[in-house]
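Below: one structure, written as structure tokens.
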Amino acid sequence: MSALLKVSDVHVAYGKVEAVRSVSLEVADNEIVTIIGANGAGKTTLLNAIMGILPLTGSAAFAGADMASLDIEDRVAVGLSLVPEHRELFGTMNVEDNLLLGAFRIPKAIAARSFERVYTLFPRLKERRKQLAGTLSGGEQQMLAMGRALMGAPKLLMLDEPSLGLAPIIVADIFRTIGELRAAGVSVLLVEQNAQAALKIADRAYVMELGEFVLSGPASDIATNARVAASYLGFTHEGESAI
Amino acid sequence: MNTTIMLFLLQDGITNGAIYALLGLALVLVFAVTRVILIPQGEFVTFGALSYAMLATGQVPGTARLAVAMGVVAFGLDLYAARRSLRLKLVVRSALLNIVLPVAILALTYALAGPKTPIAINIALSLLIVAAIGLFLYRIAFQPLAHTSVLVLLIASVGCHLALQGLGLVFFGAEGLRGPALSNAAFTVGPLRFTGQSIAVYGLTIAFIIVLWLFFGFTLMGKALRATAVNRLGARLVGIRTTLSGQIAFLLASVIGAISGILIVPITTLYYDTGFLIGLKGFIAAIIGGLVSYPLTAVAALVVGSVEAFSSFYASNFKEVIVFTLILPVLVLRSLAAPAVEEEKD
Chain A
273 MSALLKVSDV HVAYGKVEAV RSVSLEVADN EIVTIIGANG AGKTTLLNAI
323 MGILPLTGSA AFAGADMASL DIEDRVAVGL SLVPEHRELF GTMNVEDNLL
373 LGAFRIPKAI AARSFERVYT LFPRLKERRK QLAGTLSGGE QQMLAMGRAL
423 MGAPKLLMLD EPSLGLAPII VADIFRTIGE LRAAGVSVLL VEQNAQAALK
473 IADRAYVMEL GEFVLSGPAS DIATNARVAA SYLGFTHEGE SAI
Chain B
8 MNTTIMLFLL QDGITNGAIY ALLGLALVLV FAVTRVILIP QGEFVTFGAL
58 SYAMLATGQV PGTARLAVAM GVVAFGLDLY AARRSLRLKL VVRSALLNIV
108 LPVAILALTY ALAGPKTPIA INIALSLLIV AAIGLFLYRI AFQPLAHTSV
158 LVLLIASVGC HLALQGLGLV FFGAEGLRGP ALSNAAFTVG PLRFTGQSIA
208 VYGLTIAFII VLWLFFGFTL MGKALRATAV NRLGARLVGI RTTLSGQIAF
258 LLASVIGAIS GILIVPITTL YYDTGFLIGL KGFIAAIIGG LVSYPLTAVA
308 ALVVGSVEAF SSFYASNFKE VIVFTLILPV LVLRSLAAPA VEEEKD
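Chains as they are written, first to last, in the numbering used here: chain A, 273 to 515; chain B, 8 to 353.
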């Protein structure tokens with residue numbers, strides 16, 4: 273299977289400080305991949321660089337084509353979409369308009385179907401469609417941010433900390449939806465601090481520390497890795513020492 | 008003071024206020040979308056007005072040639088910006104917009120200009136010329152600076168104003184010009200005399216406000232422009248090009264400026280530098296509206312117009328002083344009402 277997103281030997285720097293060092297990763301079609309790691313490990317920086325918000329050195333290719341000459345807007349047009357950590361909604365516009373703008377780059381006929389799909393995934397958004405985005409609760413804003421990204425019918429959805437600051441019951445809801453996306457033919461690259469939940473739905477995982485990937489493999493293997501368990505899952509497997 | 012004088016002054020104030028409202032709305036629009044405080048808005052007024060006045064005498068205004076020159080520069084910038092991944096499609100599109108369009112406008116102007124050209128064609132030509140200048144001004148001066156701070160954009164804006172004003176002197180000379188009225192009809196209601204021109208001012212102002220309201224409220228492109236204003240990164244993440252939003256904002260602003268100019272040039276003599284002062288009064292209205300509120304800006308513009316009319320009657324020497332002093336209490340009140348804003352980081 274060819275990789276949908278292929279990032280090789282990527283570095284991202286803020287001035288002289290390298291926040292991401294020599295990172296390579298792949299996401300295949302219909303795959304959920306997660307990057308877990310502590311605060312400040314460089315996960316958000318990496319996603320932003322893949323989206324084109326930050327400049328990177330190294331190569332990033334999407335659907336077989338190099339993205340070096342593409343702006344953020346062009347990357348959206350080829351099917352890459354990012355739900356950023358701060359969601360970046362249009363706060364003074366209503367839910368429906370936010371979603372409508374999510375389909376800015378695709379033909380009107382397809383947008384109508386996208387609306388249906390998003391409202392089925394998030395029935396709550398349909399109830400609130402005339403409400404201003406800025407007045408929604410945190411969980412609803414996260415749903416709206418994901419819904420807006422899905423309106424553009426992306427091939428790969430990158431999610432940055434979708435569970436941040438949300439009540440556990442909403443988090444479960446969001447993760448269930450992420451799982452459903454695969455059935456709809458959308459690949460997901462998920463950055464999470466909530467490692468346990470992320471590893472449960474992901475196919476593969478990368479562990480990031482201080483700007484580098486220190487571990488990678490099938491999510492189930494990562495979840496049982498002693499070091500990961502100790503650092504990110506909050507418990508140690510008895511009888512094993514942390515590596 | 009008797010009621011008749013008061014009514015006269017009020018009528019005068021509202022006519023001028025309507026013009027300031029148009030300009031104020033354009034300023035709010037451009038600021039919201041691009042964060043540029045558009046000082047050269049006044050030059051759009053002058054260029055529109057004086058191009059129209061020159062066309063009415065059968066001459067081709069220098070602004071048409073300026074549009075071609077600016078287009079060539081814009082084309083060069085496009086090529087330079089895309090030098091690493093130059094595609095034929097991109098070059099053709101840029102050439103069509105930046106070279107073919109202004110050359111076509113210039114050719115059209117040469118072909119149609121003459122002493123007997125109907126007013127409607129002269130108006131259309133002036134609007135086309137100024138719209139092209141507005142579009143290229145964004146490409147040349149502001150698009151390369153789009154990521155910088157409001158202060159940098161403001162300074163660039165002042166630079167553009169001075170440059171365009173200087174060019175205005177070259178094109179139109181130091182003498183003032185007047186243009187023909189849109190209509191010579193007039194009627195009286197009680198003591199007030201309404202000319203066709205002032206009715207056109209009211210009508211067009213109201214029409215523009217309605218068109219802008221429809222555009223921003225109900226069209227996808229209008230919503231995309233609002234989205235750019237609300238959240239620039241969010242807009243880019245759904246694929247809205249901020250450069251396209253900027254171009255549309257400048258296009259609207261230049262057309263609004265030119266229309267304002269064409270509306271007032273039959274009423275007052277305009278000089279190459281008059282636009283600045285007119286634009287500044289629109290700016291006061293925009294500031295009262297906090298550079299965000301369209302309705303507040305429109306109302307404030309009517310107040311500015313009326314204050315100007317009354318002060319020119321009672322203390323004509325201090326007319327401008329009184330009008331511009333309006334801004335001080337507003338700024339004080341706003342600074343008290345608004346929470347301390349962190350300095351913009353660059």
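We put the CB at the ideal spot given by N, CA and C, even for glycine.
Quantities reported herein were computed from a predicted structural model and do not represent experimental measurements.
Pairwise C-alpha distance: residue j and residue i
| i | j | result |
| --- | --- | --- |
| B:Tyr279 | A:Leu416 | 51 Å |
| A:Leu428 | A:Tyr286 | 26 Å |
| A:Leu505 | B:Leu232 | 44 Å |
| A:Lys278 | A:Leu342 | 15 Å |
| B:Glu351 | B:Ser156 | Because the pLDDT at B:Glu351 is just 46, under 50, the model does not fix this residue reliably, and the value given afterwards should be weighed accordingly. Their Cα atoms are separated by approximately 7 Å. |
| B:Gly78 | B:Leu132 | 17 Å |
| A:Lys288 | A:Leu328 | 13 Å |
| A:Pro379 | B:His154 | 30 Å |
| A:Ala381 | A:Ile446 | 27 Å |
| B:Leu32 | B:Thr304 | 7 Å |
| B:Leu160 | B:Phe149 | 7 Å |
| B:Gly49 | B:Leu134 | 15 Å |
| A:Ile304 | A:Ala456 | 12 Å |
| B:Ile147 | B:Gln254 | 11 Å |
| B:Arg94 | B:Ser323 | 60 Å |
| A:Val390 | A:Ala375 | 11 Å |
| B:Gly297 | B:Ile44 | 12 Å |
| B:Thr14 | A:Ile325 | First, the amino acid is wrong: residue 14 of chain B is Leu here, not Thr. The straight-line gap from Cα to Cα measures roughly 57 Å. |
| B:Asp353 | B:Ala192 | Reliability of the predicted coordinates at B:Asp353 is poor, the pLDDT of 41 falling under 50, and the value obtained from them is presented with this limitation in mind. Spanning the two alpha carbons is a distance of roughly 55 Å. |
| A:Glu388 | B:Gly166 | 50 Å |
| B:Leu176 | B:Leu62 | 17 Å |
| B:Ala25 | B:Ser319 | 17 Å |
| A:Ala495 | A:Gln468 | 8 Å |
| A:Ser353 | B:Phe178 | 49 Å |
| A:Glu399 | A:Val367 | 10 Å |
| A:Ala333 | A:Met339 | 5 Å |
Supposed close pair residue i, residue j - CB separation, criterion 8 Å
| i | j | result |
| --- | --- | --- |
| B:Leu189 | B:Gln204 | 6 Å |
| A:Gly451 | A:Ile473 | 5 Å |
| B:Gly264 | B:Gly55 | 6 Å |
| B:Thr124 | B:Val67 | The Cβ separation is near 11 Å, so there is no contact. |
| B:Lys230 | A:Leu373 | 6 Å |
| B:Pro47 | B:Leu144 | 7 Å |
Option nearest residue i by Cα separation, candidates the options
| i | options | result |
| --- | --- | --- |
| B:Ile130 | B:Ile271, B:Leu73, B:Val196 and B:Asn238 | B:Ile271 |
| B:Ala39 | B:Val299, B:Ser323 and B:Thr64 | B:Val299 |
| A:Gly424 | B:Ile274, B:Val80 and B:Gly246 | B:Gly246 |
| A:Glu481 | A:Val289, A:Arg448 and A:Arg293 | A:Arg293 |
| A:Val486 | A:Ala340, A:Thr449, A:Val289 and A:Ser296 | A:Ser296 |
| A:Arg396 | A:Phe387, A:Glu412, A:Ala474 and A:Ser386 | A:Glu412 |
| B:Thr235 | B:Val159, B:Ala88 and B:Arg42 | B:Arg42 |
| B:Ile140 | B:Asp19, B:Val262, B:Gly210 and B:Leu160 | B:Val262 |
| A:Ala300 | A:Gly314, A:Ala275, A:Asn311 and A:Gly309 | A:Ala275 |
| A:Thr364 | B:Phe178, B:Asn238 and B:Gly55 | B:Asn238 |
| A:Val249 | A:Gly351, A:Ser331, A:Ala337 and A:Leu326 | Outside the displayed range of chain A (273 to 515) lies residue 249 of chain A, so it cannot be described from this structure. |
| A:Thr392 | A:Leu453, A:Val348 and A:Phe362 | A:Leu453 |
| B:Ala293 | B:Leu14, B:Lys230 and B:Leu29 | B:Leu29 |
| B:Leu333 | B:Leu244, B:Gln254 and B:Lys288 | B:Lys288 |
| B:Leu277 | B:Gln172, B:Leu14 and B:Ile21 | B:Gln172 |
| A:Arg377 | A:Gly312, A:Glu345 and A:Glu388 | A:Glu345 |
| B:Glu182 | B:Pro336, B:Ile12, B:Ala120 and B:Ala60 | B:Ala60 |
| A:Lys402 | A:Asn370, A:Val479 and A:Gln414 | A:Asn370 |
| A:Ala349 | B:Arg341, B:Phe225 and B:Arg248 | B:Arg248 |
Short CB-CB distance (under 7 Å) between residue i and chain E
| i | result |
| --- | --- |
| B:Gly246 | The structure shown contains no chain E; its protein chains are A and B. |
Residue interval of the alpha helix (DSSP H) (run including residue i)
| i | result |
| --- | --- |
| A:Pro440 | Pro440 to Ala455 |
| B:Tyr59 | Gln48 to Ala63 |
| A:Arg293 | Unbroken run through A:Arg293 is the beta strand (DSSP E), Val289 to Ala300; no alpha helix (DSSP H). |
| B:Ile2 | An answer regarding residue 2 of chain B cannot be provided, because it is not within the stretch 8 to 353 covered by chain B. |
| B:Tyr27 | Thr10 to Thr41 |
| B:Ser313 | Tyr301 to Tyr321 |
| B:Val337 | Ile334 to Ala344 |
| B:Val80 | Gly69 to Ala88 |
Boundaries (first-last residue) of the beta strand (DSSP E) holding residue i
| i | result |
| --- | --- |
| A:Thr496 | Premise fails: A:Thr496 lies in the alpha helix (DSSP H), Ala491 to Thr496, not in any beta strand (DSSP E). |
| A:Ser280 | Ala275 to Tyr286 |
| A:Leu428 | Leu428 to Asp432 |
| A:Ile304 | Ile304 to Gly309 |
| A:Tyr478 | Arg476 to Glu481 |
Complete runs of the alpha helix (DSSP H) confined to the stretch 313-371 of chain A [at least 4 residues]: Fully enclosed alpha helix (DSSP H) runs of 4 or longer: 315-323 and 344-350.
Complete runs of the alpha helix (DSSP H) confined to the stretch 121-202 of chain B [at least 4 residues]: 126-144 and 157-179, all fully within the stretch 121-202 of chain B.
Sequence ranges, alpha helix (DSSP H) only - wholly within the stretch 229-255 of chain B, length at least 4: You should have 239-244.
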